Amino acid sequence: MYINDVIGPYIGVLIEWGFLMAFLFKLVSQLNNPDKSIVQLCFCMAFSYILSDIVRLSSSNYMNWFIYDLITIVVLLVWFLIIKKHQFLLLYYILIGLGLNALLMLVTHYDIYVRHNNEYWFLWTVYSYGVNIIDFLMIMALTTEKDFFFFRKAVNTQRSGYSHNIDKQPLDN
0 MYINDVIGPY
10 IGVLIEWGFL
20 MAFLFKLVSQ
30 LNNPDKSIVQ
40 LCFCMAFSYI
50 LSDIVRLSSS
60 NYMNWFIYDL
70 ITIVVLLVWF
80 LIIKKHQFLL
90 LYYILIGLGL
100 NALLMLVTHY
110 DIYVRHNNEY
120 WFLWTVYSYG
130 VNIIDFLMIM
140 ALTTEKDFFF
150 FRKAVNTQRS
160 GYSHNIDKQP
170 LDN
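In terms of numbering that gives the first Met the number 0, the sequence shown has 3 at position 4, counting the first letter as 1, and numbering is strictly consecutive.
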């Protein structure tokens, strides 16, 4: 079973609202914190998702979302290089989520628009649930700032002999 056109737009609006609420929550909770990188990251995500619903860059929904995800990844990487934030784990969560979403959208676009496949199959279920679960996980990561996939532990265990382990901030504030 896949998410159809009837409830899909409502889920899309819920996800946009989630990114907007994550931004507003971080804006208020980080008022006295001199490091505004989390607020900037939340703003970039909310702006990207809301803009992708308003401004169309492609006639295909999947290609439109793919392009916006790629633009957002590039903007975040440039921003990451400009602020020179060392080992910013929350940014990695977002980049991995956007990358997975972009991959799912590209594969689905290829299946529907290039191969002209109109018969339901397993990829459509993976896309329908995968993209939405990844979006909700990104919203949770932005809101809670928790390392719920234990990336830090895995990286630090792997690099235990090295001196540049992932720092505890800003995810563990």
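Just so you know, even glycine gets a beta-carbon here, dropped at the ideal spot from N, CA and C. It should be emphasised that the depicted structure is a prediction, and the values quoted were computed from it without experimental measurement.
Around the Cβ of glutamate 118, are there at least 16 other Cβ atoms within 10 angstroms (buried) or fewer (exposed)? It counts as exposed.
Any beta carbon of chain B sitting closer than 8 angstroms to that of lysine 83? The structure shown contains no chain B; it is built from a single protein chain.
Just to confirm my understanding: we take methionine 0, look at its own chain, exclude 5 residues before and 5 after, and list those with CB closer than 7 angstroms. What are they? Model confidence at methionine 0 stands at a pLDDT of 46, short of 50, so the residue's coordinates are unreliable; what they give is reported in the following sentence. For methionine 0, where only same-chain residues beyond five positions count, the Cβ hits under 7 angstroms are Thr124.
C-beta atoms of leucine 40 and leucine 88 nearer than 8 angstroms: No.
Reference cysteine 43, options Pro8, Ile53, Phe18, His115, closest by Cα: Ranking Pro8, Ile53, Phe18, His115 by CA distance to the CA of cysteine 43 puts Phe18 first.
Mind checking which residues open and close the alpha helix (DSSP H) that includes serine 127? Counting along the chain, the alpha helix (DSSP H) containing serine 127 begins and ends at 121-143.
Give the secondary structure of leucine 99 by DSSP, where H, G and I count as helix, E and B as strand, and everything else as coil. The answer is helix: DSSP assigns leucine 99 an H, G or I state.
With isoleucine 111 as the anchor, note down where its alpha helix (DSSP H) starts and where it stops. No alpha helix (DSSP H) contains isoleucine 111, which DSSP labels as neither H nor E.
Cut-off 7 angstroms between Cβ atoms - residues of its own chain near aspartate 110, not counting five sequence neighbours on either side: The answer, listed in chain order, is Asn116, Leu122.
Give me the Cβ distance between phenylalanine 79 and methionine 104, rounded to the nearest whole Å; I'm assuming they're in contact under 8 angstroms. That belief does not hold up - the Cβ atoms of phenylalanine 79 and methionine 104 are roughly 23 angstroms apart, past 8 angstroms.
Relative to the C-alpha of tyrosine 112, which candidate in Ser127, Ser57, Asn155, Phe150 has its C-alpha closest? Per the C-alpha coordinates, the member of Ser127, Ser57, Asn155, Phe150 positioned closest to tyrosine 112 is Ser57.
What separation, rounded to the nearest whole angstrom, lies between the Cα atoms of asparagine 172 and arginine 55? For asparagine 172, the predicted structure reports a pLDDT of 44, less than 50, and the residue's modelled location is therefore unreliable. The matter cannot be settled from this model.
For the alpha helix (DSSP H) that contains leucine 56, what are its first and last residues? Where leucine 56 is concerned, there is no enclosing alpha helix (DSSP H), given that its DSSP letter is neither H nor E.
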